[in-house]
Amino acid sequence: MTLTTYDEDLCRKIEPNVSTTLERFNVLEIMRDNGISTVVWLDPILPFINDTEENLMGLMDYCIRAKVHGIICFGFGLTLSEGNREHFYKQLDRLFPGMKQRYISTFENSYVCNSANNRHLMNVFIKQCEKHGILWKTNDVFKYLQTFESKNQQLSLF
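In my numbering, each residue carries its 1-based index in the sequence shown increased by 1257.
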């Protein structure tokens, strides 16, 4: 399950017409309560918009409380391919006037647009994962995803 933004109003703005982060957290709790292990993907984290320690700590709190097994995080930022970039800039103009120019002056035509806060946020992320026993190394998370866990009881849909 992806998590992007702890702030519900911002979530509704940048991820319209989908479940909010709080609703996704509620699903993670239901899965935890039913013995279903979960993995979260932190993505996208948008430079200048939700690339803050406050946002990260809110998302990490949800993950810790839901007892997620692992978190995939390729860094804090986003990728913008040709075609995708134009759509993204159009949405920036609509939702965050002036932000498009900030992206253009900072990233030009780069495919990878890492947050200036990437190093700090990665350090906070790793520290929180290790403190709470959450897998965070990409290879470890993907290895876990390919492992079949033996359960003593068959789960039932009914």
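Glycine is no exception: its CB is placed at the ideal position from the N, C-alpha and C atoms. Keep in mind it's a predicted model, so treat the numbers as computed, not measured.
- The three-state secondary structure of Cys1320, taken from DSSP, is helix.
- When only Cα atoms are considered, Ile1293 and Tyr1263 end up about 23 Å apart.
- Excluding sequence positions up to five before and after Ser1276, its CB lies within less than 8 Å of the CB of Val1284, all in the same chain and listed in chain order.
- Between Val1369 and Ile1328, the beta carbon gap of about 20 Å keeps them out of contact (Cβ cut-off 8 Å).
- Ser1338 is classed as exposed because its beta carbon has fewer than 16 other beta carbons within 10 Å across all chains shown.
- In the DSSP assignment, Val1297 is bridged to Ile1328.
- Leu1337 sits in coil when the DSSP states are folded into three classes, being neither helix nor strand.
- With respect to Leu1349, Tyr1360 sits close: the two C-beta atoms are nearer than 8 Å.
- Trp1393 and Asn1274 have their C-alpha atoms some 29 Å from each other.
- For Asp1300, the closest of Met1314, Ile1321, Asn1291, Thr1259 by C-alpha to C-alpha distance is Thr1259.
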